[in-house]
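Position 70 (the sequence shown) corresponds to 354 in our numbering; numbering is contiguous. From the three backbone atoms N, C-alpha and C, an ideal C-beta is built for every residue, glycine too.
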Amino acid sequence: IPRKLLFNYKTNLLKAKRKSLSDSEKILLRNVKRTVKVFKNMTGGAPEVEMWDNEDCFTAINELQMTEGHDLALDFRREDQGIIKGDICRLVQLYNTGGF
Numbered sequence: 285i286p287r288k289l290l291f292n293y294k295t296n297l298l299k300a301k302r303k304s305l306s307d308s309e310k311i312l313l314r315n316v317k318r319t320v321k322v323f324k325n326m327t328g329g330a331p332e333v334e335m336w337d338n339e340d341c342f343t344a345i346n347e348l349q350m351t352e353g354h355d356l357a358l359d360f361r362r363e364d365q366g367i368i369k370g371d372i373c374r375l376v377q378l379y380n381t382g383g384f
């Protein structure tokens, strides 16, 4: 299993300007950073970290080498429930890159 941590959210919290984040997104960002630190302390080394936003997820789904990839990407874009989008994105992240 690769030493890689995978995160996804509607925006890339790791690249966003802190001023543009809501209070709840700032809490999420702190949690992401804490998770990376805990993982590093547990394993003795810095993990590779990826955070995908909705566009990263859409692109990856659309590029899946399967007949349904494009239709699934369109369904992903139309989905309004973030929890469902997150689950779909996480599956594609694991499929494409492996990791936790």
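F291 is bridged by DSSP to M335. Rounded to whole angstroms, G366 and L298 show a C-alpha spacing of 18 angstroms. By the C-beta density criterion, K303 is exposed, having fewer than 16 other C-beta atoms within 10 angstroms.
With contact defined as three or more Cβ pairs closer than 8 angstroms, the region 323–340 and the region 286–293 are in contact. Within the model, the alpha-carbon separation for L358 versus E347 is close to 12 angstroms. Note that the C-beta distance between V316 and C341 is not below 8 angstroms. An exposed status is given to K310, since fewer than 16 other beta-carbon atoms sit within 10 Å of its beta-carbon. No residue range can be given for L305, since it is assigned to no alpha helix (DSSP H) and is classified by DSSP as neither H nor E. L348: not part of any alpha helix (DSSP H); DSSP gives it neither H nor E.
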